[in-house]
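**Student:** Submitted below is the structure of interest, expressed as structure tokens.
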Ligand SMILES: Nc1nc2c(ncn2[C@@H]2O[C@H](COP(=O)(O)OP(=O)(O)OP(=O)(O)O)[C@@H](O)[C@H]2O)c(=O)[nH]1
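Encoded structure:
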């Protein structure tokens, strides 16, 4: 019976060891742990040339220096278990990185077979590897090219394993690698000492151990200490100190450097890398999406599509939720309160006109945000967002701004608070402050409802244009601000270019897209139900307190005669040049300082909460619960149908951007059927604003002082003075821009 | 004798900000795979450290390693001297999950 061989597979992580292991052992495997370690130990049996061979899959490691558990395990196995052959598996596409460990195994005197794996990938990427030259330069070790996944080269690998195990290879040649003279002298001295110690020389290859000692390797030193080899250790220590003093570099650095120098030489002599990296599908997509001139238009087009989705596709669901809140939900709350004898009291007013109008007024936007976050998640998960940053990087550089600034700006689309913190990734304080300054102009999710409600009230199906325009205006003002500050306050040295590696495109997975949407939407809902509920109560209270009337008219005054009305009326004239000097608008802007979500909810409280609530309006017999439920199901079906229609219509609407085209849109509704898709608030807004004033109002909301949370983050990061300056600047810019839009519009005859 | 390893360290000493592999490979004319090992060597020796908080954009976010919104930033390194501008972890920011 021939001898039972043990062979080991070693190599860098992901070089393909496990694949080779599986191919060699088939189903004869056993998985356990290395003694005392949490690292997995895989063993298996193979039949090679009629022999039974035990195969051990060593953990992936980058070197044999005991930096990590994996490295220690691999080294100890080779040193102490004396496998009959060690298959060094290397990744052919990353030879220069993989060779370091191979070199160390050669130094260790391991009976090596080199498996140059992933040769299929290397060939398809047009790497030219001179395998025989590689084998020669590595001291003539047996070398096999493999593509383990395809089973290519495995038969040759088995032959080589047998060959090495049978010791049919030439005896070890002189050391492959010689180190600088002072190191070699020290090695020679230590080798002599090691060879004089029979116990030690039997355990470790002498030259290898000498090198380890000069490398000052803690693990090896501890072991020798434990076995009482203090004289040897002392000698090594003296060599290290002498070399360091004489050459200004410790032997460890000299040794490692020499290994890398050797690898570079071998690599240059044996591998010709493709002149240009071969184009992957990702590269081909990037040729268009990040093209020097096309990149920006493509970015704008995609954003345009996103806001079409957000505005139009979400509209049917928005109307559904709105009619739910205004209709059945309000009726049910009123009925419930009536049942406990609280009907018509201030509590009913607080709940229906205050909380339900305020919070409900915002919950209406859950579908809108759902679609926004869906669109963003698709862009992120596919890898496009990284490209957007890349495209804008170039653009920012042209303006003299730091390209990396655009990353926090993109984050700002979600919420300005993390965007402020995100500026910390910039190296210079000046860049950080400048970028933070710009981020608040990025339209966050909380501002979107304002554009949606105004867009839908004044521009109907074209509301996507308004939304798109607002986002673009935000980006433009942010960049202009950066440009301005860079030339005034921050005249520092030019910033270094920003290196970014673009991840490959991938198909977004349903799970991760859903997680993104859920995470963000639920955060919005949480915010609305907590902060906003509190704000709504405060606004309701201010609206209920009468001014200039006896106090017993509490909760019985017209909004304009309330404390809130009086306060806001004082401020309102400031907005006359911008076309919206009604106190209601001012009120919404004031409460919006707390959180931008509050803008719409305040408008809703003033205009809808106080108008005839459906409870009082019911002249006709009130619908029963069953009527309500039936109606809800019908409306849900209708809304779903309309959502589908709007989704399909994105295509013709986008194509129709090309002037000569006119692609008809899908219309599932019969000609004469008019759908009630106007919310009560929209109707009220149309009575209160002209379309031009509405746009000016939106511009103001986009640009003015950010919410309290953002201001607090700003203060934490940049101090009070800077924050106050920022608040004043944003307020000023917002006012100026709103006035320019309104007055400019009037001049153009758009009033 | 000036080793390539020493040159790598010198580049960091002369730089005011953290550097990525690609940036140094350009300067030194060394293969990226070799340079990667060299940087790891200095990290093990405690002379360089990887700059944290760069893997993703929101440095405060506890999910930043798996953030999908941000591009895969290249790993960057800096001299391991002075205090590290470590940021406290916070709940996930809106953009990360
Ligand atoms: N195209 C190609 N892919 C391969 C080849 N060998 C392995 N792979 C793939 O490369 C990946 C990594 O292979 P593994 O066998 O798990 O690598 P490993 O060295 O065991 O990795 P660790 O367990 O992390 O040490 C897997 O997806 C394999 O399918 C090959 O020759 N060609």
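Residue numbers (the numbering used here), protein chains in the order written: chain A, 412 to 1162; chain B, 179 to 275. Cβ coordinates follow ideal geometry from the N, Cα and C atoms, glycine included. Just so you know, these numbers come straight off a predicted model, no measurement behind them.
Mind pulling the chain B residues with CB within less than 7 angstroms of residue 668/A?
**Tutor:** Here the neighbours are 181, 182, 183.
**Student:** What are the boundary residues of the alpha helix (DSSP H) that includes residue 1153/A?
**Tutor:** From DSSP, the alpha helix (DSSP H) with residue 1153/A extends over 1131 to 1158.
**Student:** Take residue 955/A as the anchor and find which of 764/A, 920/A, 773/A, 863/A has the nearest alpha-carbon.
**Tutor:** Nearest C-alpha to residue 955/A: 764/A.
**Student:** Applying the 10 Å Cβ sphere with the 16-neighbour rule, what's the burial state of residue 807/A?
**Tutor:** Classification for residue 807/A: buried.
**Student:** If you measure beta-carbon to beta-carbon, which residues of the stretch 649 to 661 of chain A are closer than 9 angstroms to chain B?
**Tutor:** Those would be 658, 659, 660, in chain order.
**Student:** Are there any heavy atoms of ligand 1 lying less than 6 angstroms away from the beta-carbon of residue 558/A, as far as the coordinates show?
**Tutor:** Yes, the beta carbon of residue 558/A sits closer than 6 angstroms to at least one heavy atom of ligand 1.
**Student:** Per DSSP, residue 455/A forms a beta bridge with which residues?
**Tutor:** Its beta-bridge partners are 440/A, 466/A.
**Student:** Return the chain-ordered list of same chain residues with a C-beta closer than 7 angstroms to the C-beta of residue 744/A, the five sequence neighbours on each side being excluded.
**Tutor:** Hits under 7 angstroms: 762, 763, 767.
**Student:** In the structure shown, what three-state DSSP assignment does residue 539/A receive?
**Tutor:** Strand at residue 539/A.
**Student:** CB-CB under 8 angstroms to residue 671/A, same chain, minus the five flanking residues each way: which ones, in chain order?
**Tutor:** Excluding sequence neighbours, residue 671/A sits near 511.
**Student:** Name the residue from 540/A, 749/A, 526/A whose alpha carbon lies nearest to the alpha carbon of residue 552/A.
**Tutor:** Ranking 540/A, 749/A, 526/A by Cα distance to residue 552/A puts 526/A first.
**Student:** Taking Cβ positions only, does residue 425/A come closer than 7 angstroms to chain B?
**Tutor:** Residue 425/A does not count as touching chain B.
**Student:** Starting from residue 1065/A, trace the alpha helix (DSSP H) both ways and give me its first and last residue.
**Tutor:** Element bounds for residue 1065/A: 1036 to 1066.
**Student:** I'd like to know if residue 628/A contacts chain B, where contact means its C-beta is closer than 7 angstroms to some C-beta of that chain.
**Tutor:** No - not a single Cβ of chain B is within 7 angstroms of the one on residue 628/A.
**Student:** Give me the Cα-Cα distance between residue 487/A and residue 855/A, rounded to the nearest whole angstrom.
**Tutor:** Looking at the two C-alpha atoms, the distance is approximately 57 angstroms.
**Student:** Give me the chain A residues within the contact set of residue 219/B, using Cβ-Cβ distance strictly less than 7 angstroms, ordered along the chain.
**Tutor:** Neighbours of residue 219/B on chain A, chain order: 667.
**Student:** Counting pairs of Cβ atoms below 8 angstroms between the stretch 460 to 469 of chain A and the stretch 431 to 438 of chain A, do you hit three or more?
**Tutor:** Result yes; three or more Cβ-Cβ pairs closer than 8 angstroms.
**Student:** Starting from the C-beta of residue 859/A, find all residues in its chain whose C-beta is less than 8 angstroms away, skip the five residues before and the five after it, and write them out in chain order.
**Tutor:** Only 721, 776, 779, 780, 783, 878 meet the Cβ criterion.
**Student:** Take the Cβ of residue 920/A as the centre, count every other Cβ of all protein chains shown within 10 Å, and call the residue buried at 16 or more, exposed below.
**Tutor:** Classification for residue 920/A: exposed.
**Student:** Check each residue of the stretch 494 to 527 of chain A: if its Cβ is closer than 7 angstroms to any Cβ of chain D, include it; give the result in chain order.
**Tutor:** Note that chain D does not occur in the displayed structure, where the protein chains are A and B.
**Student:** Could you tell me which residues DSSP puts in a beta bridge with residue 502/A?
**Tutor:** In DSSP, residue 502/A forms a bridge with 528/A.
**Student:** In this structure, how does DSSP classify residue 984/A when only helix, strand and coil are distinguished?
**Tutor:** In the structure shown, residue 984/A sits in a helix (DSSP, three-state: H, G or I).
**Student:** For chain B, is any of its Cβ atoms less than 7 angstroms away from the one on residue 674/A?
**Tutor:** Yes - at least one Cβ of chain B is within 7 angstroms of the one on residue 674/A.
**Student:** So which residues of chain B does residue 782/A contact, with C-beta pairs closer than 7 angstroms?
**Tutor:** Correct list: empty, because the minimum Cβ distance to chain B is about 17 angstroms.
**Student:** Please report the straight-line C-alpha distance between residue 737/A and residue 1039/A, rounded to a whole angstrom.
**Tutor:** Using only the alpha carbons, I get a separation of about 12 angstroms.
**Student:** For residue 846/A, report the span of its alpha helix (DSSP H) as first-last.
**Tutor:** Its alpha helix (DSSP H) spans residues 840 to 850.
**Student:** Can you tell me which of 664/A, 618/A, 637/A puts its alpha carbon nearest to the alpha carbon of residue 224/B?
**Tutor:** Considering only alpha carbons, the answer is 664/A.
**Student:** Does the Cβ-Cβ distance between residue 508/A and residue 214/B come in under 7 angstroms?
**Tutor:** For residue 508/A and residue 214/B, yes; Cβs fall inside 7 angstroms.
**Student:** Taking 7 angstroms as the CB-CB limit, is residue 681/A close to chain B?
**Tutor:** Output row for residue 681/A: interface = no.
**Student:** For residue 228/B, does the three-state DSSP call read helix, strand or coil?
**Tutor:** If DSSP states are grouped into helix, strand and coil, residue 228/B belongs with the strands.
**Student:** In chain B, which residues lie with their C-beta within 9 angstroms of the C-beta of residue 678/A?
**Tutor:** The contacting residues are 209, 211, 212.
**Student:** Go ahead and pull the three-state DSSP assignment for residue 555/A.
**Tutor:** In the structure shown, residue 555/A sits in a strand (DSSP, three-state: E or B).
**Student:** So which of 1044/A, 951/A, 991/A, 971/A has the shortest CA-CA distance to residue 1002/A?
**Tutor:** It is 951/A whose Cα lies nearest to the Cα of residue 1002/A.
**Student:** Rounded C-beta distance between residue 208/B and residue 675/A? I'm assuming under 8 angstroms.
**Tutor:** Correct: roughly 7 angstroms between the Cβ atoms.
**Student:** Using a beta-carbon distance below 7 angstroms, is residue 664/A in contact with chain B?
**Tutor:** True, the Cβ-Cβ gap to chain B drops below 7 angstroms.
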